[in-house]
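Chemist:
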Amino acid sequence: MLSVIVPIYNGQKYIKKCIYSILNQEYADIEVICVDDGSIDDSLRIITELAQTDGRIRIIHKDKNEGLVSARKTGINNARGKYVAYVDCDDWIEKNMYLDMVSYAEKYNVDIVTSGTIYEGKINKTVYDGFDEGLYDDDKLEFIKSHIFFSDRRYEEGIRSNLVNKIYKKDLIMDIQNSISDSVSYGEDRLCTLKCIVGAISIYVLHRAYYHYAIYDNSMSSGDNYFYLDQIGCLYRELLKAISDTRYSKQLKFQCGIYITQLLLKGINNNLGIEPEDMVWIHPSWVSDIPSNSRIILYGCGRRGKTYYRQLKNSVKNIEIVAWVDKNYKNFIDHITEIKNPDDIDELQFDYIIVSVENDKAAEEINELLAKKGVDKSKIIRPIPLDSFWQFAESSGLYV
């Protein structure tokens with residue numbers, strides 16, 4: 001059995017979609033533990049009505065709000081399954097998520113199966129762990145344990161911190177979840193995930209994305225969060241405690257320092273009023289590789305595309321952006337400039353097409369589309385620049 005724990009606090013707008021996405025799983029041997037953490041809206045009434053139609057729903061009501069960590073502890077202490085998973089009440093999951101993940105867990109007898117995450121809302125992107133798909137045990141797992149924060153010199157996140165895109169053996173995570181201090185109100189996922197990876201005997205990394213993670217304006221690190229620095233300090237102390245008793249403490253302490261520094265930079269930017277989707281810090285040095293007076297088509301209108309657009313417009317190399325295209329062009333109505341249909345490329349005169357997407361799979365699909373259109377490979381450029389922070393860390397000798 002799989003126990004799916006859903007902490008709920010004032011989630012009346014989203015809870016039905018969330019719960020239905022769990023109940024409609026192709027893997028049916030589940031229990032859904034809804035922990036109502038003192039909601040003051042209609043959340044409790046909604047889940048009570050849902051429970052009357054499906055006996056797999058169990059409701060635990062708490063009289064007062066005690067926070068996400070406390071709610072997760074309540075859920076796991078009442079879980080009856082061999083495996084445990086979490087879903088936040090404002091998110092939803094693909095119907096084949098748990099069938100796929102449990103099958104890998106059973107086939108390879110692993111402690112953790114981790115998958116990709118689809119971010120939606122203020123930021124739209126799909127992300128995966130920074131390690132290749134496959135089974136990690138013995139020496140291969142040792143490498144993961146020493147690179148939890150960052151995978152390698154690609155500066156990618158190692159095993160992503162989210163609890164919700166994974167399933168765990170309850171025997172592994174139960175004591176770890178209960179060890180997380182209720183005082184940790186930021187980065188609790190990172191702390192719990194780190195402890196689970198250190199304690200795991202085997203992990204399966206799955207490069208498929210099932211979990212839809214919604215990002216709204218009430219982000220924990222938003223501009224009006226005056227306790228952000230205190231929260232980061234608390235997280236840092238707890239992470240150092242978790243790292244200190246491992247054989248990887250030297251490597252992980254350094255990675256942890258970089259991780260915390262990035263969080264501080266993000267918090268500073270937010271408090272200065274910079275939108276989260278602008279917090280990329282991509283150094284414009286990649287523009288130097290584009291010849292002066294070039295005619296450019298920018299392909300991709302996501303976070304990286306917006307950054308590239310600004311950097312090209314501010315370049316002194318007299319680069320002309322003849323078009324900005326995106327397959328979802330119809331969704332960009334109130335954009336800073338007109339976004340065109342990629343089919344329009346056939347009618348345009350250009351020297352280069354800049355593929356401005358972060359996701360490797362999406363970039364491959366764009367390259368295939370352009371190849372079908374007969375675009376010469378030499379005219380397709382996909383810059384992979386370092387974020388400014390990493391350029392500083394490398395040039396100063398902090399990261400070798």
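Counting along the sequence shown from 1, when you hit position 303 you're at 303 in our numbering, and nothing is skipped either side.
Here a beta-carbon is modelled for each residue, glycine too, at the ideal position from N, C-alpha and C.
What's the call for N162, buried or exposed, on a 16-neighbour Cβ count within 10 Å?
Modeler: In the sequence shown, the residue the question calls residue 162 occupies position 162. Buried, by the Cβ-count rule.
Chemist: Take S181 as the anchor and find which of P7, S103 and L239 has the nearest alpha-carbon.
Modeler: Here residue 181 refers to the residue found at position 181 when the sequence shown is read from its first residue. For the residues P7, S103 and L239, the minimum Cα distance to S181 belongs to L239.
Chemist: Mind checking P342: buried by the 16 CB within 10 Å criterion, or exposed?
Modeler: Counted from its first residue, the sequence shown places residue 342 at position 342. Per the 10 Å Cβ criterion, buried.
Chemist: Take Y211 as the anchor and find which of G257, A371, D90 and Y186 has the nearest alpha-carbon.
Modeler: Counting from one through the sequence shown, the residue named residue 211 turns up at place 211. Measuring from the Cα of Y211, the nearest candidate turns out to be D90.
Chemist: Report the option in N77, I76 and R382 whose CA atom is closest to the CA atom of E364.
Modeler: Sequence index remark: in the sequence shown, residue 364 carries index 364 (1-based). Closest option to E364, Cα to Cα, is R382.
Chemist: Would you mind listing the beta strand (DSSP E) stretches within the region 295-324 that are 3+ residues and don't spill past its ends, in chain order?
Modeler: 295-299
Chemist: What are the boundary residues of the alpha helix (DSSP H) that A242 is part of?
Modeler: Translated into positions along the sequence shown, residue 242 becomes position 242. Looking at the DSSP string, the run of the alpha helix (DSSP H) that includes A242 is Y228 to S244.
Chemist: Given that a residue counts as buried once 16 or more other Cβ atoms are within 10 Å of its Cβ, and exposed if not, what is Y20?
Modeler: Against the sequence shown, residue 20 aligns to sequence position 20. Y20 is exposed by the Cβ-count criterion.
Chemist: Would you kindly work out how many angstroms separate the C-alpha atoms of V110 and M97, rounded to a whole number?
Modeler: Here residue 110 is taken as the residue at index 110 of the sequence shown, counted from 1. Here residue 97 is taken as the residue at index 97 of the sequence shown, counted from 1. If I take the Cα positions, the gap works out to 17 Å.
Chemist: Can you list, in chain order, the residues of its chain with a C-beta nearer than 8 Å to that of V280? Leave out the 5 residues immediately preceding and following it.
Modeler: Here the question's residue 280 lines up with position 280 in the sequence shown. For V280, the predicted structure reports a pLDDT of 46, less than 50, and the residue's modelled location is therefore unreliable. The matter cannot be settled from this model.
Chemist: Taking the beta carbon of R247 as the centre, do at least 16 other beta carbons fall within 10 Å, making it buried, or is it exposed?
Modeler: Along the sequence shown, read from residue 1 onward, the residue named residue 247 stands at position 247. By the 16-neighbour rule on beta-carbons within 10 angstroms, R247 is exposed.
Chemist: Nearest CA to the CA of Y213: which residue from N10, F332 and E120?
Modeler: The sequence position of residue 213 within the sequence shown is 213, counting from 1. The shortest Cα separation from Y213 among N10, F332 and E120 belongs to E120.
Chemist: Can you tell me which of the three DSSP states C34 falls into?
Modeler: Reading the sequence shown from its first residue, position 34 is the one you call residue 34. In the structure shown, C34 sits in a strand (DSSP, three-state: E or B).
Chemist: Hey, could you find the ends of the beta strand (DSSP E) Y119 is sitting in?
Modeler: Counting from one through the sequence shown, the residue named residue 119 turns up at place 119. First-last of the beta strand (DSSP E) with Y119: I112 to G121.
Chemist: Tell me which residue opens and which closes the beta strand (DSSP E) that R208 is part of.
Modeler: For the purposes of this step, residue 208 is identified with residue 208 of the sequence shown, where counting begins at 1. S202 to I215 is the extent of the beta strand (DSSP E) around R208.
Chemist: Using 8 Å as the Cβ pair cut-off and three pairs as the minimum, do the region 28-38 and the region 195-207 touch?
Modeler: no
Chemist: Three or more C-beta pairs closer than 8 Å, one from the region 72-89 and one from the region 164-181: is that the case here?
Modeler: yes
Chemist: List the residues that DSSP assigns as beta-bridge partners of P7.
Modeler: For the purposes of this step, residue 7 is identified with residue 7 of the sequence shown, where counting begins at 1. For P7, which the question treats as bridged, DSSP gives the partners V35.
Chemist: Who does L135 pair with in a DSSP beta bridge?
Modeler: For the purposes of this step, residue 135 is identified with residue 135 of the sequence shown, where counting begins at 1. Per DSSP, Y204.
Chemist: Does the Cβ-Cβ distance between Y228 and G267 come in under 8 Å?
Modeler: Counting from one through the sequence shown, the residue named residue 228 turns up at place 228. Counting from one through the sequence shown, the residue named residue 267 turns up at place 267. With contacts defined by Cβ atoms closer than 8 Å, Y228 and G267 form a contacting pair.
Chemist: Hey, out of I159, S294, K372 and I345, whose CA is closest to G134's CA?
Modeler: Mapped onto the sequence shown, residue 134 falls at position 134. Here the closest residue by C-alpha is I159.
Chemist: By how many angstroms is the C-alpha of V113 removed from the C-alpha of Y104?
Modeler: Mapped onto the sequence shown, residue 104 falls at position 104. Mapped onto the sequence shown, residue 113 falls at position 113. Roughly 7 Å separates the two Cα atoms.
Chemist: Nearest-angstrom Cα distance between K13 and T126?
Modeler: The sequence position of residue 13 within the sequence shown is 13, counting from 1. The sequence position of residue 126 within the sequence shown is 126, counting from 1. K13 and T126: Cα-Cα distance of roughly 24 Å.
Chemist: Per the contact definition of three or more C-beta pairs closer than 8 Å, is the region 189-196 in contact with the region 130-147?
Modeler: Here the region 130-147 does not lie against the region 189-196, with fewer than 3 beta-carbon pairs under 8 Å apart.
Chemist: Quick check on the DSSP output: the alpha helix (DSSP H) that includes A51 runs from which residue to which?
Modeler: On the sequence shown, residue 51 is found 51 positions in, with the first residue counted as 1. Secondary structure note for A51: its alpha helix (DSSP H) is the uninterrupted segment S43 to A51.
Chemist: Would you say G116 and L2 are within 8 Å of each other, going by their C-beta atoms?
Modeler: On the sequence shown, residue 116 is found 116 positions in, with the first residue counted as 1. On the sequence shown, residue 2 is found 2 positions in, with the first residue counted as 1. The answer is no: Cβ separation not under 8 Å.
Chemist: Determine the DSSP secondary structure at L2, reduced to helix, strand or coil.
Modeler: For the purposes of this step, residue 2 is taken as residue 2 along the sequence shown, with counting starting at 1. Residue state, collapsed to three classes: strand.
Chemist: Quick one: measure Cβ to Cβ for I15 and I60, integer angstroms, because I've assumed they're closer than 8 Å.
Modeler: Translated into positions along the sequence shown, residue 15 becomes position 15. Translated into positions along the sequence shown, residue 60 becomes position 60. Going by Cβ atoms, the distance from I15 to I60 rounds to 15 Å, so no, they are not a contact pair.
Chemist: Helix, strand or coil: which one does DSSP assign to F143?
Modeler: The count along the sequence shown starts at 1 and reaches residue 143 at position 143. Of the three classes helix, strand and coil, the one that applies to F143 here is helix, per DSSP.
Chemist: Please look up how many angstroms separate the CB atoms of V355 and I366, rounded, as I've assumed it's under 8 Å.
Modeler: In the sequence shown, the residue the question calls residue 355 occupies position 355. In the sequence shown, the residue the question calls residue 366 occupies position 366. Indeed they touch by this definition, with Cβ atoms about 5 Å apart.
Chemist: Can you tell me whether DSSP reads V87 as helix, strand or coil?
Modeler: Here the question's residue 87 lines up with position 87 in the sequence shown. In this structure, V87 counts as coil in the three-state DSSP scheme.
Chemist: Are the beta-carbon atoms belonging to L312 and A242 less than 8 Å from one another?
Modeler: Within the sequence shown, residue 312 is the residue found at index 312, counting from 1. Within the sequence shown, residue 242 is the residue found at index 242, counting from 1. Taking 8 Å as the Cβ cut-off, L312 and A242 do not qualify as a contacting pair.
Chemist: Rounded to whole angstroms, what's the CA-CA distance from E347 to K372? Just pull it up for me.
Modeler: Numbered from its first residue, the sequence shown carries residue 347 at position 347. Numbered from its first residue, the sequence shown carries residue 372 at position 372. Their Cα atoms are separated by approximately 15 Å.
Chemist: If you reduce the DSSP assignment to three classes, tell me which class E66 lands in.
Modeler: Here residue 66 refers to the residue found at position 66 when the sequence shown is read from its first residue. Correct three-state label for E66: coil.
Chemist: Need the endpoints of the alpha helix (DSSP H) that T126 sits in, please.
Modeler: Counting from 1 along the sequence shown, the entry for residue 126 is found at position 126. In this chain, T126 is not harboured by any alpha helix (DSSP H); it is covered by the beta strand (DSSP E) spanning K125 to V127.
Chemist: Report the rounded CA-to-CA distance for S185 versus D88, giving the unit in angstroms.
Modeler: Along the sequence shown, one-based indexing puts residue 185 at 185. Along the sequence shown, one-based indexing puts residue 88 at 88. Between S185 and D88, the C-alpha separation is close to 15 Å.
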